[in-house]
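The structure under discussion appears below in the form of C-alpha cells.
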Amino acid sequence: MAASSRARVLDLYRAMLRESKQFSAYNYRTYAIRKIRDAFRENKNVKDPVEIQTLVNKAKRNLEIIHRQGISSHKTVLGPP
Amino acid sequence: MLLRTAWRRVAAALPAAPGPRPEAPTRGLRLRVADHAPQSAVPSDTAIAPEMESVLRPLYMDVQATTPLDPRVLDAMLPYLVNYYGNPHSRTHAYGWESEAAMERARQQVASLIGADPREIIFTSGATESNNIAIKELEDAIQPDTSLVSIMSVNNEIGVKQPISEIGQICSSRKVYFHTDAAQAVGKIPLDVNDMKIDLMSISGHKIYGPKGVGAIYIRRRPRVRVEALQSGGGQERGMRSGTVPTPLVVGLGAACEVAQQEMEYDHKRISKLAERLIQKIMKSLPDVVMNGDPVHHYPGCINLSFAYVEGESLLMALKDVALSSGSACTSASLEPSYVLRAIGTDEDLAHSSIRFGIGRFTTEEEVDYTVEKCIYHVKRLREMSPLWEMVQDGIDLKSIKWSQH
Numbered sequence: 011m012a013a014s015s016r017a018r019v020l021d022l023y024r025a026m027l028r029e030s031k032q033f034s035a036y037n038y039r040t041y042a043i044r045k046i047r048d049a050f051r052e053n054k055n056v057k058d059p060v061e062i063q064t065l066v067n068k069a070k071r072n073l074e075i076i077h078r079q080g081i082s083s084h085k086t087v088l089g090p091p
Numbered sequence: 057m058l059l060r061t062a063w064r065r066v067a068a069a070l071p072a073a074p075g076p077r078p079e080a081p082t083r084g085l086r087l088r089v090a091d092h093a094p095q096s097a098v099p100s101d102t103a104i105a106p107e108m109e110s111v112l113r114p115l116y117m118d119v120q121a122t123t124p125l126d127p128r129v130l131d132a133m134l135p136y137l138v139n140y141y142g143n144p145h146s147r148t149h150a151y152g153w154e155s156e157a158a159m160e161r162a163r164q165q166v167a168s169l170i171g172a173d174p175r176e177i178i179f180t181s182g183a184t185e186s187n188n189i190a191i192k193e194l195e196d197a198i199q200p201d202t203s204l205v206s207i208m209s210v211n212n213e214i215g216v217k218q219p220i221s222e223i224g225q226i227c228s229s230r231k232v233y234f235h236t237d238a239a240q241a242v243g244k245i246p247l248d249v250n251d252m253k254i255d256l257m258s259i260s261g262h263k264i265y266g267p268k269g270v271g272a273i274y275i276r277r278r279p280r281v282r283v284e285a286l287q288s289g290g291g292q293e294r295g296m297r298s299g300t301v302p303t304p305l306v307v308g309l310g311a312a313c314e315v316a317q318q319e320m321e322y323d324h325k326r327i328s329k330l331a332e333r334l335i336q337k338i339m340k341s342l343p344d345v346v347m348n349g350d351p352v353h354h355y356p357g358c359i360n361l362s363f364a365y366v367e368g369e370s371l372l373m374a375l376k377d378v379a380l381s382s383g384s385a386c387t388s389a390s391l392e393p394s395y396v397l398r399a400i401g402t403d404e405d406l407a408h409s410s411i412r413f414g415i416g417r418f419t420t421e422e423e424v425d426y427t428v429e430k431c432i433y434h435v436k437r438l439r440e441m442s443p444l445w446e447m448v449q450d451g452i453d454l455k456s457i458k459w460s461q462h
C-alpha cells in the first residue's frame, strides 16, 4: 500500500512537471515547475494517509488545470497578436 | 528516504526545461521567449510548445501597475465566458441560477480573504469606483468632527505599509469611519477587517493576478455604514451598485482571492528573498543609491530606488529590455516627479531619478539578476556621461554651486 502510493505520487509529480512544460509563457512555465517542486518537497514527510490523499487530490486538480491552461496558451488557441 | 532517492532520479531523468540558458551579457535577450508568433506566411501546424520565436518581449517588472492573470484564475473564468453565460440576475432558468451561484461563491471567496461576511462585499468595476463610493457622500459632510479617514494600506509607488490596525483603533474610538484602499495589499499581506477595525475597503482585481475591470468594496454591516450609490439602475448589489454583475470577471476575482489566500505565505517569503537580492546587489555595486520609503514598514515587492546623478526617464529608456516604471502608472504621462516622493521630503533631483522595481508571484531569480545587471551597467554608463557626477567625483559640493542665469 505504501509502495503503490509512493509510486502514485511520483507519477503525479512527473506528470505535473511534464504538463508544466507546455506553458509557452516563460513566467507561467517557471512558476509551475518551481511551485510543483517546492510543494512536493515540502510535503514529502507527511505520514497520515488521509492527509496524503487530500494532497494527492489537490495535486490532481492542479494537474488538470495545468493541462487545460497549457493548451490554452498555445498560439493555435491564442492566435497571432 | 526511498522517496527522496526516487525523486532525485526522476528530477535527473527529466529533460532540462526548454527555457533559456543564462549566459553572458546577452542572456537577457534570450531569457525572454516570445509568447506569440509574429505574422508569418508559414502555416503554424508544426507548432511544438513552447516555441522559441525571434520576437522578444521585455521582462515584466512592473507588477504595481498590473499583474498577469494567474493560470488558476483563467481556468476558473473560462467556463463562464464560454458555456455558463447566463445573467446572474435572471431568476427563471438554469443559466441564471448557475451564474448567480458562481457570483455568490466568488463573493464568499473575497470575503474570506479579508475576514468579512459575504453580505458586506459589493462588486464594482475596480478599486477606483470603490474609492469613489466610499468617499462620495462624506465629501459634503466635512465638519470639525470629520467623518472619514481614508488611507492606502500599501503605497503603490514606494511600497510603504501603513499601520492600519493602529489607525483603525483610533478611528473606532473617535467614532470616525475608516476607509482603506487595499488594492496593493489584499492577498499580499494579512488583512482582517474586524481585527483592524476597517469600515470600508477597496479591492482591485488586476493587482492580485485577477482580471481587469473588476473590483469590490467591503462595507461594514455591524455597525452599519451607509454609503450612497454612484450608479443607479436596476438595484443590483443591494441597490449600492446597479448594473449586471459580470459573472466571469467576479469569478476571476474570487478565484484570485482564494489563490492569494493559499499562496500568501509562500509568495511573501519568495518575494522578500528576491527583493533582498535585488537591493543588495545594486547597493553593493553602485554608490549613491537611495531606497525611498520606510525600510521597516515596507512591502518587499515594491522597491523604489533613486540613483543620484542619473535622470530616471533616461535610465528607464536605457533599460528597454525590462518593463519598469518611475512612479505610478496613473501619473506616468506627466513629467512631474512623483507626488509621493515629494510628500516624503525627497530632494527634487533624487525624485527625478527614481525607478520602481516590482517583484511578484511569477518573477524569477533570473529576471531579477538580469535587471540588476543591466541597471548597474546603465547607471554607470549614464554617470560617466554626467557632468554633475564628474563634479561630485572631484569633490565639489553640488549644493554650493551658484547656477547663473544666461
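Residue numbers (my numbering), protein chains in the order written: chain A, 11 to 91; chain B, 57 to 462. All residues carry an ideal CB built from backbone N, CA and C; glycine is no exception.
- Assigned with DSSP and collapsed to three states, Phe33(A) falls in coil, not helix or strand.
- At a cut-off of 8 Å, the C-beta of Thr64(A) has no neighbouring C-beta in chain B.
- Here the alpha carbons of Ile214(B) and Glu423(B) stand approximately 20 Å from one another.
- Chain A has a Cβ within less than 8 Å of the Cβ of Asp131(B).
- Annotation: the continuous alpha helix (DSSP H) that includes Asp323(B) extends over Thr303 to Ser341.
- Glu156(B) and Thr180(B) have their C-alpha atoms some 16 Å from each other.
- Our two residues, Arg161(B) and Gly416(B), have alpha carbons roughly 26 Å apart in a direct line.
- Met257(B) is bridged by DSSP to Thr236(B) and Tyr274(B).
- A check of alpha carbon separations from Ala311(B) across Leu115(B), Arg113(B), Pro127(B) and Asn188(B) identifies Pro127(B) as the nearest.
- Here the C-alpha atom of Ser442(B) lies approximately 16 Å from the C-alpha atom of Trp459(B).
- The three-state reading of DSSP puts Leu204(B) in strand, counting E and B together.
- Closest in C-alpha terms to Pro144(B), from the list Pro302(B), Ile457(B) and Lys337(B), comes Pro302(B).
- The shortest CA-to-CA distance from Ile254(B) to any of Val281(B), Asp453(B), Gln336(B) and Val216(B) is the one to Val281(B).
- Among the CB atoms of chain A, none fall inside 8 Å of the CB of Phe179(B).
- Going by beta carbons, Val66(A) and Arg16(A) fall outside the 8 Å limit.
- Secondary structure note for Met373(B): its alpha helix (DSSP H) is the uninterrupted segment Gly368 to Ala374.
- By the Cβ rule, the stretch 312 to 325 of chain B does not count as touching the stretch 134 to 152 of chain B, because fewer than three pairs are nearer than 8 Å.
- Ala272(B) is positioned such that its CB atom lies no closer than 8 Å to that of Asp237(B).
- Within the stretch 18 to 89 of chain A, complete beta strand (DSSP E) segments of at least 3 residues are not found at all.
- Shown in chain order are the members of the stretch 65 to 80 of chain A whose Cβ falls below 9 Å from a Cβ of chain B: Asn72, Glu74, Ile75, Ile76, Arg78, Gln79 and Gly80.
- The CB of Phe418(B) comes closer than 8 Å to the CB of Asn37, Tyr38, Thr40 and Tyr41 in chain A, given here in chain order.
- Scanning its chain for C-beta atoms nearer than 6 Å, with the 5 sequence neighbours on each side dropped, one finds around Pro174(B) the residues Arg163, Gln164 and Ala167, in chain order.
- No residue range can be given for Ile457(B), since it is assigned to no beta strand (DSSP E) and is classified by DSSP as neither H nor E.
- Taking Ile432(B) as reference, the option from His324(B), Tyr355(B) and Lys340(B) with the minimal CA-CA separation is Lys340(B).
- Between Ser83(A) and Ala42(A), the C-beta spacing is not below 8 Å.
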